[in-house]
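> If you're matching them up, the sequences are chains A and B in order.
Residue numbers for the first sequence follow the working numbering, beginning at 14 and rising by one.
Residue numbers for the second sequence follow the working numbering, beginning at 14 and rising by one.
Note that CB positions come from ideal geometry on N, CA and C, so glycine has one too.
I am attaching a structure below and will ask some questions about it afterwards.
Number of protein chains: 2
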Amino acid sequence: MKAVIAYGDGYSVCDNCLTPFRLDYIKKPPIADFHVDLAAWLGMAEARVVPGARRGFQAVASTYVEKGDPVLVTALSHYTEFIAVEAAGGVAYEVPADETHQITADAAAGKIEEVIRSTGKTPKLLFVGHADYQFGNIHDVKGVARAAHEYDIPVLCNGAYTVGVMPVDGKDLGVDFIVGSGHKSMAAPAPSGVLAATAERAEEVFRTTEAHGDVSGRSFGIKEVEMMGCTLMGVTLIGMMASFPHVRERVRRWDGELENAAIVLDALLSIEGTEVLSEFPRRHTLTRIDTTGSFDRVAKTHKKRGFFLSSALRKRGITGVIPGSTRVWKYNTYGMTRKQAVYTAEAFTAIAEENELALR
Amino acid sequence: MKAVIAYGDGYSVCDNCLTPFRLDYIKKPPIADFHVDLAAWLGMAEARVVPGARRGFQAVASTYVEKGDPVLVTALSHYTEFIAVEAAGGVAYEVPADETHQITADAAAGKIEEVIRSTGKTPKLLFVGHADYQFGNIHDVKGVARAAHEYDIPVLCNGAYTVGVMPVDGKDLGVDFIVGSGHKSMAAPAPSGVLAATAERAEEVFRTTEAHGDVSGRSFGIKEVEMMGCTLMGVTLIGMMASFPHVRERVRRWDGELENAAIVLDALLSIEGTEVLSEFPRRHTLTRIDTTGSFDRVAKTHKKRGFFLSSALRKRGITGVIPGSTRVWKYNTYGMTRKQAVYTAEAFTAIAEENELALR
Numbered sequence: 014m015k016a017v018i019a020y021g022d023g024y025s026v027c028d029n030c031l032t033p034f035r036l037d038y039i040k041k042p043p044i045a046d047f048h049v050d051l052a053a054w055l056g057m058a059e060a061r062v063v064p065g066a067r068r069g070f071q072a073v074a075s076t077y078v079e080k081g082d083p084v085l086v087t088a089l090s091h092y093t094e095f096i097a098v099e100a101a102g103g104v105a106y107e108v109p110a111d112e113t114h115q116i117t118a119d120a121a122a123g124k125i126e127e128v129i130r131s132t133g134k135t136p137k138l139l140f141v142g143h144a145d146y147q148f149g150n151i152h153d154v155k156g157v158a159r160a161a162h163e164y165d166i167p168v169l170c171n172g173a174y175t176v177g178v179m180p181v182d183g184k185d186l187g188v189d190f191i192v193g194s195g196h197k198s199m200a201a202p203a204p205s206g207v208l209a210a211t212a213e214r215a216e217e218v219f220r221t222t223e224a225h226g227d228v229s230g231r232s233f234g235i236k237e238v239e240m241m242g243c244t245l246m247g248v249t250l251i252g253m254m255a256s257f258p259h260v261r262e263r264v265r266r267w268d269g270e271l272e273n274a275a276i277v278l279d280a281l282l283s284i285e286g287t288e289v290l291s292e293f294p295r296r297h298t299l300t301r302i303d304t305t306g307s308f309d310r311v312a313k314t315h316k317k318r319g320f321f322l323s324s325a326l327r328k329r330g331i332t333g334v335i336p337g338s339t340r341v342w343k344y345n346t347y348g349m350t351r352k353q354a355v356y357t358a359e360a361f362t363a364i365a366e367e368n369e370l371a372l373r
Numbered sequence: 014m015k016a017v018i019a020y021g022d023g024y025s026v027c028d029n030c031l032t033p034f035r036l037d038y039i040k041k042p043p044i045a046d047f048h049v050d051l052a053a054w055l056g057m058a059e060a061r062v063v064p065g066a067r068r069g070f071q072a073v074a075s076t077y078v079e080k081g082d083p084v085l086v087t088a089l090s091h092y093t094e095f096i097a098v099e100a101a102g103g104v105a106y107e108v109p110a111d112e113t114h115q116i117t118a119d120a121a122a123g124k125i126e127e128v129i130r131s132t133g134k135t136p137k138l139l140f141v142g143h144a145d146y147q148f149g150n151i152h153d154v155k156g157v158a159r160a161a162h163e164y165d166i167p168v169l170c171n172g173a174y175t176v177g178v179m180p181v182d183g184k185d186l187g188v189d190f191i192v193g194s195g196h197k198s199m200a201a202p203a204p205s206g207v208l209a210a211t212a213e214r215a216e217e218v219f220r221t222t223e224a225h226g227d228v229s230g231r232s233f234g235i236k237e238v239e240m241m242g243c244t245l246m247g248v249t250l251i252g253m254m255a256s257f258p259h260v261r262e263r264v265r266r267w268d269g270e271l272e273n274a275a276i277v278l279d280a281l282l283s284i285e286g287t288e289v290l291s292e293f294p295r296r297h298t299l300t301r302i303d304t305t306g307s308f309d310r311v312a313k314t315h316k317k318r319g320f321f322l323s324s325a326l327r328k329r330g331i332t333g334v335i336p337g338s339t340r341v342w343k344y345n346t347y348g349m350t351r352k353q354a355v356y357t358a359e360a361f362t363a364i365a366e367e368n369e370l371a372l373r
């Protein structure tokens, strides 16, 4: 917040933009260093900051996709991937998830073949979520990338739910691009995000302008076309930078986060009739559960209806669960202390007992 | 700054995004009202907030421009207009400025004809600056728009240097789009901006997604394609909103700003050898002058070289002029009090006298 106040002014960082006039070259504040650190941290060659993950998707789609081109996303893709494809004039096709809600290399290869058969064109790009927003499942990005690369299809890994909370190594994943969200998982103000690329792909997506003025004779230096000339500026960028040391440190504590997730989920699963819909055991703190056979049975007769659950949680100081949800819902334990996780776990079983649900 | 602190958190406004799940429908904080007010204030039917004026250019170019299409900008256009055209795959052609650095309706009509002859295609879009960044001249946007409309070419008025400092009425200008910059002229944190449109053009550029999941069967509601689903969120949006009452009020004081500009320019022009390159009398506070025949003559022999001017100004508590500039340079008196304008004017003539330049 101190950084946000110091750089709240509109031209706070631009005042320091000297030759060659690009934000990612500014040395003071250390924006240039931040870019180098971000890329290295993600195991990629180059990184740029953008106004939200979706603007990273847009930059990549705009580079590779022309009117009518097929592009692969997945059946668990976030809607912003579809929109980036649509804005570029492309048509999105989904790689299906299997019955455990996983995106596999085989499914990707199968869908590539299917799209080639049906459209006569090889997909220009493939988006795959590292962890998806519906189940928080960790997908086989490495296998999917390998399958796509056999067809020379560049692969963008959507790390909105992983970059900034768990270790992400683009080199190990073998992807061409990694996109992260500043405001979702990097403790930054909105809108902010990061787009990282391999050296080869950086030349394509971070290409500099070739425009020139036919009358004035002007040309525009090393401004990057898909960045619209300037990467993320001002308060949002500085917020990302201020949070980065903390973010880098917390990523190393991911195992502890998964332990907390397990403590809460174990308690929920101890309530008869509750099922977990996410992969199990959990590899992410975002979890989708089905309490139709437990809490929703209570909701049918409780005078507060479906709101009894969020109400009982709130009484215990626990907020964040969508009020009224007692069937299929999701929650995220990320950032809890161990004490809070244990307390939340005990709260769920206590609420179950209060409402005469059996524990198994 | 209070608003910035209160909404610095990444999901600060998104937490209030309920059905139909679009930022510009959020009632608390009053984001929906702000959108209505913004549009009305600009004399347009619809407005959206975007992460910088350039993202407004991008949205419009992406809507109308396909690969190889000609697009008109002007010889005084900001580079971000060229980049928006280039990102959409178009080719930019400049409407020339006349010898007084004005963009005229005749020049626009002439260039349209020339582009049609040379490319066989009617330009898909025309960008025209309300005030340009080089001279701060106010251009005949109304005449240019009328000329373009005879060819059914939509017109985007770049108001980065006018929206938020002087009155701008899109209806009077007769343009299809007005773009303003939050961080340049609306006292907002970066990156922020506004894209406003007529009712007819709003349907095109703010069209909602038609994407759907071929496997999952998902569709994505009323998310707008060129907005990438969400308009400007969080700290930057709230900064714009917090400044808006002040911005609306200061626009009404534009005449006083022009008087201050005249006080400073009159003093500069009283120094023999100084010429104004901007239109005269000034209709904007941003002014380009040529002091090759005055201050630069001093620089030739002064021990501080060209830095003597910024140094002498700094001694008097005046900053903001690019250090070392003594030939062709620009300055902006916007936001000065009358007292500051008079003080600055006197400082320029005093510095001239100290350095033995004649006053005329």
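Using a Cβ-Cβ cutoff of 7 Å, what residues of the region 32-45 of chain B are near chain A? List them in chain order.
Taking 7 Å as the Cβ-Cβ cut-off against chain A, none of the residues of the region 32-45 of chain B qualify.
> Can B:PHE219 and B:GLU59 be called in contact, C-beta distance under 8 Å?
Yes, Cβ-Cβ distance for B:PHE219 and B:GLU59 is below 8 Å.
> Decide yes or no for the touch test of the region 208-227 of chain B against the region 61-78 of chain B: beta carbon pairs closer than 8 Å, at least 3 of them.
Yes, the region 208-227 of chain B is in contact with the region 61-78 of chain B.
> With a Cβ-Cβ cutoff of 8 Å, do A:HIS196 and A:CYS170 count as a contact?
Cβ distance not < 8 Å, so A:HIS196 and A:CYS170 don't count as in contact.
> Could you spell out the range, first to last residue, of the alpha helix (DSSP H) harbouring B:ILE206?
Here the sequence assigns Gly to residue 206 of chain B, which means Ile is not the residue at that position. Not the alpha helix (DSSP H): B:GLY206 falls in the beta strand (DSSP E), residues 206-210.
> When you check each C-beta in the region 201-212 of chain A against every C-beta of chain B, which residues fall closer than 9 Å?
Cβ contacts with chain B come from ALA201, PRO202, ALA203, PRO204, SER205.
> Cα-Cα, which of B:THR332, B:ASP303, B:VAL178, B:ILE331 is closest to B:ASP268?
Ranking B:THR332, B:ASP303, B:VAL178, B:ILE331 by Cα distance to B:ASP268 puts B:VAL178 first.
> Express the C-alpha separation of A:GLU285 and A:LEU372 in angstroms, rounding to a whole number.
Distance between the alpha carbons of A:LEU372 and A:GLU285 is about 5 Å.
> Verify the CB distance criterion: does A:ALA173 have a CB-CB separation below 8 Å to chain B?
No, because no Cβ of chain B sits closer than 8 Å to the Cβ of A:ALA173.
> Could you tell me whether the region 24-31 of chain A touches the region 151-164 of chain A, using the rule of 3 or more Cβ pairs below 8 Å?
No contact exists between the region 24-31 of chain A and the region 151-164 of chain A.
> Could you work out which residues of chain A lie near B:ALA105, taking near to mean beta carbons separated by less than 9 Å?
Within 9 Å Cβ-Cβ: ALA224, HIS225, GLY226, ASP227.
> In three-state DSSP terms, what is A:CYS170?
A:CYS170: strand per DSSP, three-state reduction.
> Does the beta-carbon distance from A:LEU186 to A:ASP145 come in below 8 Å?
No, the pair does not count as a contact, with Cβ atoms beyond the cut-off.
> Which one of B:THR249, B:VAL341, B:THR298, B:GLU107 has the shortest CA to CA distance from B:LEU290?
Of B:THR249, B:VAL341, B:THR298, B:GLU107, the residue nearest in Cα terms is B:VAL341.
> Which class does B:TYR38 belong to by DSSP, given the choice of helix, strand or coil?
If DSSP states are grouped into helix, strand and coil, B:TYR38 belongs with the helices.
> With burial defined as no fewer than 16 other Cβ atoms inside 10 Å of the residue's Cβ, what is the status of A:VAL157: buried or exposed?
It counts as buried.
> By the 7 Å beta-carbon criterion, what residues does the region 321-332 of chain A contribute toward chain B?
Answer in chain order: no residues at all.
> What is the residue span of the beta strand (DSSP E) that B:LEU299 lies within?
From DSSP, the beta strand (DSSP E) with B:LEU299 extends over 299-303.
> To be precise: take each residue of the region 47-80 of chain A, compare its Cβ to all Cβ atoms of chain B, and keep it if any distance is under 7 Å. Which residues remain?
Within the region 47-80 of chain A, the qualifying residues are PRO64, ARG67, ARG68, GLN71, SER75, GLU79, LYS80.
> Please classify A:VAL157: does DSSP put it in a helix, a strand, or coil?
In this structure, A:VAL157 counts as helix in the three-state DSSP scheme.
> Would A:VAL78 pass as a contact of A:VAL86 if the rule is Cβ separation under 8 Å?
No. Outside cutoff.
> May I have a chain-ordered list of the beta strand (DSSP E) segments no shorter than 3 residues that lie completely inside the region 91-134 of chain B?
Here the runs fully enclosed are 104-108.
> How should B:GLU369 be labelled, buried or exposed, when 16 other C-beta atoms within 10 angstroms of its C-beta is the threshold for buried?
Its Cβ having fewer than 16 others within 10 Å, B:GLU369 is exposed.
> Pull out every residue of the region 239-267 of chain B whose Cβ sits closer than 9 Å to any Cβ of chain A, in chain order.
Residues GLU239, MET240, MET241, GLY242, CYS243, LEU245, MET246, GLY247, VAL248, THR249, LEU250, GLY252.
> Using a 10 Å radius around the Cβ and a threshold of 16 neighbouring Cβ atoms, would you call A:GLU99 buried or exposed?
Its Cβ being crowded by 16 or more others within 10 Å, A:GLU99 is buried.
> I want to see whether chain B comes within less than 8 Å of A:ILE335, judged by CB atoms only; does it?
It does not; no Cβ of chain B falls within 8 Å.
> Kindly indicate which three-state DSSP category B:GLU359 falls into: helix, strand or coil?
It is helical.
> Use the C-beta contact count for A:ALA161: other C-beta atoms within 10 angstroms, 16 or more gives buried, fewer gives exposed.
Buried is the call here.
> According to DSSP, is A:ALA74 helix, strand or coil?
Looking at A:ALA74 - three-state DSSP - the assignment turns out to be helix.
> Going by the beta-carbon positions, is the gap between B:ALA274 and B:THR300 smaller than 8 Å?
In this structure, B:THR300 lies closer than 8 Å to B:ALA274 by Cβ.
> Quick one: what's got a C-beta closer than 7 Å to B:ALA354's C-beta in the same chain, skipping five residues either side?
Around B:ALA354: ASN273, ILE276, VAL277, THR346.
> Which chain B residues are close to A:HIS196, counting only those with a beta carbon under 7 Å from its beta carbon?
GLY23, TYR24, GLY247, listed in chain order.
> Apart from the five residues just before and just after B:PRO64, which ones in its own chain have a Cβ nearer than 8 Å to its Cβ?
PRO204, SER205, GLY206, LEU245, THR249.
> Can you pull out the residues from the region 81-93 of chain A whose beta carbon lies closer than 7 Å to at least one beta carbon of chain B?
Listed by position, the residues of the region 81-93 of chain A near chain B (Cβ gap below 7 Å) are ALA88, TYR92, THR93.
> Name, going along the chain, the residues of the region 121-152 of chain A whose beta-carbon falls closer than 7 Å to a beta-carbon of chain B.
Cβ contacts with chain B: none found.
> Rounded to the nearest angstrom, how far is the Cβ of A:GLU107 from that of B:GLY226, given a contact under 8 Å?
Their Cβ separation, rounded to whole angstroms, is 5 Å, which keeps A:GLU107 and B:GLY226 in contact under 8 Å.
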